[in-house]
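Asks: Reading the sequence shown from the start, the letters are residues 2 to 173 in this note's numbering. First, the structure itself, so that you have it in front of you.
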Amino acid sequence: MLYRHAEPLAAVVRLRQRLRSLRAYLFSCRAAVAEDLRRRIFPREYLLQQIHLYSLADLQQVIEGKLAPFLGKVIKFATSHVYSCSLCSQKGFICEICNNGEILYPFEDISTSRCESCGAVFHSECKEKSVPCPRCVRRELQKKQKSFWRRLNVDESLEEACNMFELSYQNT
Numbered sequence: 002m003l004y005r006h007a008e009p010l011a012a013v014v015r016l017r018q019r020l021r022s023l024r025a026y027l028f029s030c031r032a033a034v035a036e037d038l039r040r041r042i043f044p045r046e047y048l049l050q051q052i053h054l055y056s057l058a059d060l061q062q063v064i065e066g067k068l069a070p071f072l073g074k075v076i077k078f079a080t081s082h083v084y085s086c087s088l089c090s091q092k093g094f095i096c097e098i099c100n101n102g103e104i105l106y107p108f109e110d111i112s113t114s115r116c117e118s119c120g121a122v123f124h125s126e127c128k129e130k131s132v133p134c135p136r137c138v139r140r141e142l143q144k145k146q147k148s149f150w151r152r153l154n155v156d157e158s159l160e161e162a163c164n165m166f167e168l169s170y171q172n173t
């Protein structure tokens, strides 16, 4: 991929990934915060939504070293809101591997890791030690249990249906 060969572009895409995670927090908060974010990024709202979409002006700013600092300022605004907002700050995660109680956020990309399947957030160090995601494992077990009980219920229903068609014979 292009990001492997162009470090400034790789740095920008990481910032845009963080910004997209932050967008989810701010857009689920009060409308004024979302509007403030839109105003700060206007007219380039696509920077929030599609992390691999760049205008020619964006690419020029990457080369000039201007896009990363711009995104950094927007990220600083958004993170300070999430940490200080009583609603947004409650939408953090607890690492299900170590369970140390520290609140984690997906936009803390240096210290956190996110499961690609279920979206759970872990400490990066914890995730490296634990190959399977605990939440995915738990969900898989729940699916198997539900499937077992569903099959059991189907078997019972089938038995009841068959019993309805049994002929009763009188003892002679």
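Built from N, CA and C at the ideal position, the CB exists for glycine as well.
#1: In the DSSP output, what is L105 paired with across the bridge?
#2: Strictly by DSSP, which residues pair up with R115?
#3: Round the Cβ separation of A121 and E141 to the nearest angstrom and send it over; I've been treating them as touching at under 8 Å.
#4: Measure from the alpha carbon of K92 to the alpha carbon of each residue in V34, Y26, P9, Q18, then state which is nearest.
#5: Give the straight-line distance between the Cα atoms of Y55 and S125, rounded to the nearest whole angstrom.
#6: Run the CB neighbour count on F43, radius 10 Å, all protein chains shown included, and call it buried at 16 or more, exposed below.
#7: With a cut-off of 8 Å on the beta carbons, I'd call L23 and V83 a contact; round off their distance for me.
#8: For the alpha helix (DSSP H) that Q62 lies in, which residues bound it at each end?
#9: Quick check on the DSSP output: the alpha helix (DSSP H) that includes R17 runs from which residue to which?
#10: For the alpha helix (DSSP H) containing V75, list its first residue and its last residue.
#11: Since L49 is in the alpha helix (DSSP H), which residue starts that stretch and which ends it?
Replies: On the basis of the coordinates in this document:
#1: F94
#2: V122
#3: No, A121 and E141 are not in contact; Cβ-Cβ is about 13 Å, not under 8 Å.
#4: Y26
#5: 29 Å
#6: exposed
#7: 7 Å
#8: 57-65
#9: 8-28
#10: 68-85
#11: 47-50
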